[in-house]
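Engineer: In full-length UniProt numbering, the protein residues as written are 1 to 390. Sharing a structure below in structure tokens format, with a few things to ask.
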Ligand SMILES: Nc1ncnc2c1ncn2[C@@H]1O[C@H](COP(=O)(O)OP(=O)(O)OP(=O)(O)O)[C@@H](O)[C@H]1O
Ligand SMILES: [Mg+2]
């Protein structure tokens, strides 16, 4: 089929041609938005799951829905390292300022917005870029530089305006496990205060499976502060629709066997579905796509994954990290004990704890329970086993 018309989009957070499944999370969020219009404020939401399962896509679609419903919807993506921390804080202030500007144009509330924008800018200067040395031409003091105080002040002021306006302020945070603990702690504290004082402020977070534990470690009440939901692979029926609907929209079709082969090979993982969908479209000479097309597409799609999705993680690892990752893969278990992995490296758990931590920090590995490790990337163990040992 004509590659120029190929509807499939393997990528990061790219809106898929058909967003399948996720009905529960979307309905839950719709309800949260609907209730906020009646000034009834529920808890924020946390979405967690493996790499490529569709967290960013879902988070973006919730943020768009919120904005369409009149919310001030701000999106940021957290980053793991020191440079990332400053960048994320600066981004938060900047995104707030531009979000408020968009909001004020939509709602025609220029004056309020100007004051809030100045406050958001003060937050950027005071917290993001070191001490607030820059003079702000305002009749209010610049940010204090204490992140807890500044963030609370900012959120209170914004929520106040939103409440009067009958809308809400949603902060959509991707890769939330990577937020620095000061900003995370401040956000959790503000969200906590917001629900006690009935401010329309909601943190909607997405991240790796470790995210709920990261939140609970930072603030013990975080467990009760959000509705948590695990984003997993799509059911076979939804996975089939994720392939079939876009093809049908372009006048094509699959034989049932072809669809089954592709759904099986994908394990229901959205990223893999997009990759296999893209491949079958490109290799099939005509519709309907049959089982032969599907088999070729699975080979092609796997090759594409081996060239991009997996190496992008593997190549970022140091040699020692790769040895650790290989040791996990070699156990043949989904969630091996850390001790077993260390033993496979001819070492002890304590001696390899640094490399274990660094693979966790890089988001390649997580700990599903105390003393166990697992890959965050579906199919990573098989990929590693296919790599030549050096
Ligand atoms: N519900 C869905 N139905 C069909 N395709 C989807 C769905 N959700 C996501 N996708 C597609 O899957 C791919 C991965 O999605 P996304 O980047 O949102 O995953 P992620 O969980 O954020 O991954 P990462 O952990 O690497 O950031 C994208 O190409 C996207 O278009
Ligand atoms: Mg993502």
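Glycine included, every Cβ here is placed at the ideal spot set by N, Cα and C. Being a predicted model, the structure only gives us computed values, none of them experimental.
(1) Rounding to the nearest angstrom, what Cα-Cα distance links residue 29 and residue 350 in this structure?
(2) State the CB to CB distance for the pair residue 148 and residue 189, rounded to an integer number of angstroms; the pair is presumed to be in contact (CB under 8 Å).
(3) Using the rule of at least 16 other Cβ atoms within 10 Å of the residue's Cβ for burial, across every protein chain shown, is residue 159 buried or exposed?
(4) Return the chain-ordered list of same chain residues with a C-beta closer than 7 Å to the C-beta of residue 3, the five sequence neighbours on each side being excluded.
(5) Count the other CB atoms within 10 Å of the CB of residue 5; is the residue buried (16 or more) or exposed (fewer)?
(6) Given this structure, state the Cα-to-Cα distance separating residue 161 from residue 1, to the nearest angstrom.
(7) What residue range does the beta strand (DSSP E) around residue 357 cover?
(8) I'd like to know whether the C-beta atoms of residue 245 and residue 262 end up nearer to each other than 8 Å.
(9) What residues come near ligand 2, if near means a beta carbon less than 6 Å from any of its heavy atoms?
(10) Whole angstroms is fine: what's the gap from residue 120's alpha carbon to residue 154's?
(11) In angstroms, rounded to a whole number, what distance separates the CA positions of residue 314 and residue 238?
(12) May I ask you to report which of helix, strand or coil DSSP gives residue 227?
(13) Can you tell me the Cα-Cα spacing of residue 204 and residue 169, whole angstroms?
(14) Between which residues of its own chain and residue 352 is the CB-CB distance below 7 Å, once the five residues before and five after are set aside?
(15) Enumerate in chain order the residues of its own chain whose CB-to-CB distance from residue 276 is below 7 Å, with the five nearest sequence positions on each side excluded.
(16) Pick from 38, 150, 171 and 35: whose alpha carbon is nearest that of residue 77?
(17) Could you give the first and the last residue of the continuous alpha helix (DSSP H) run that contains residue 399?
(18) What are the start and end residues of each continuous beta strand (DSSP E) run of 3 or more residues lying completely inside the region 277 to 322, in chain order?
(19) Could you tell me which of 253, 309, 82 and 268 sits nearest to residue 285, measuring between CA atoms?
(20) At a cut of 8 Å, does the region 328 to 335 reach the region 174 to 184 through at least three beta carbon pairs?
(21) Within 10 angstroms of its Cβ, does residue 196 collect 16 or more other Cβ (buried), or is it exposed?
(22) Distance check for residue 340 and residue 391, CA to CA, integer angstroms please.
(23) Please confirm whether residue 333 and residue 359 have their CB atoms less than 8 Å apart.
(24) In chain order, which continuous runs of the alpha helix (DSSP H) of length 4 or greater are located wholly inside the region 234 to 261?
(25) Give me the Cα-Cα distance between residue 114 and residue 157, rounded to the nearest whole angstrom.
(26) Report yes or no: do the region 94 to 114 and the region 201 to 215 share at least 3 C-beta pairs separated by less than 8 Å?
(27) Quick one: what's residue 48 bridged to in DSSP?
(28) Between residue 184 and the rest of its own chain, which residues show a CB-CB distance below 8 Å, the 5 nearest in sequence each way excluded?
(29) Would you mind sorting residue 379 into buried or exposed? The rule is 16 or more other CB atoms within 10 Å of its CB.
(30) Does residue 30 come out as helix, strand or coil in the three-state DSSP assignment?
(31) Could you check if residue 55 is buried or exposed, using at least 16 other CB atoms within 10 Å of its CB as the buried criterion?
(32) Do residue 45 and residue 226 have their C-beta atoms closer together than 8 Å?
(33) Is the Cβ-Cβ distance between residue 49 and residue 232 less than 8 Å?
(34) Where does residue 1 fall in DSSP's three states?
(35) Can you tell me where the beta strand (DSSP E) holding residue 74 begins and where it ends?
(36) Assuming residue 22 and residue 58 make a contact with CB atoms under 8 Å, what is their CB distance in whole Å?
Structural biologist: In short:
(1) 43 Å
(2) 6 Å
(3) buried
(4) 282
(5) Looking at its Cβ environment, which holds fewer than 16 other Cβ atoms inside 10 Å, residue 5 is exposed.
(6) Going from the Cα of residue 161 to the Cα of residue 1 covers about 52 Å.
(7) No beta strand (DSSP E) holds residue 357; the alpha helix (DSSP H) holding it covers 353 to 361.
(8) no
(9) That query returns the following residues: 12, 13, 55, 56 and 174.
(10) For residue 120 and residue 154, the distance between alpha carbons rounds to 7 Å.
(11) Their Cα atoms are separated by approximately 30 Å.
(12) Residue 227 falls in the strand class under three-state DSSP.
(13) 11 Å
(14) Within the same chain, 324, 342 and 345 come within 7 Å of residue 352 by CB-CB distance, once the 5 residues on both sides are set aside.
(15) 262, 265, 266, 297, 298 and 301
(16) 171
(17) The requested residue 399 does not occur in the structure, where the chain is confined to residues 1 to 390.
(18) none
(19) 253
(20) Result no; under three Cβ-Cβ pairs closer than 8 Å.
(21) exposed
(22) This structure cannot settle anything about residue 391, because the visible part of the chain is limited to 1 through 390.
(23) no
(24) 236 to 249
(25) So the alpha carbons of these two residues sit roughly 12 Å apart.
(26) no
(27) 207 and 230
(28) 176, 214, 215 and 218
(29) buried
(30) helix
(31) Answer is buried; the Cβ neighbour count reaches 16.
(32) yes
(33) The answer is yes: Cβ separation under 8 Å.
(34) coil
(35) 72 to 77
(36) 5 Å
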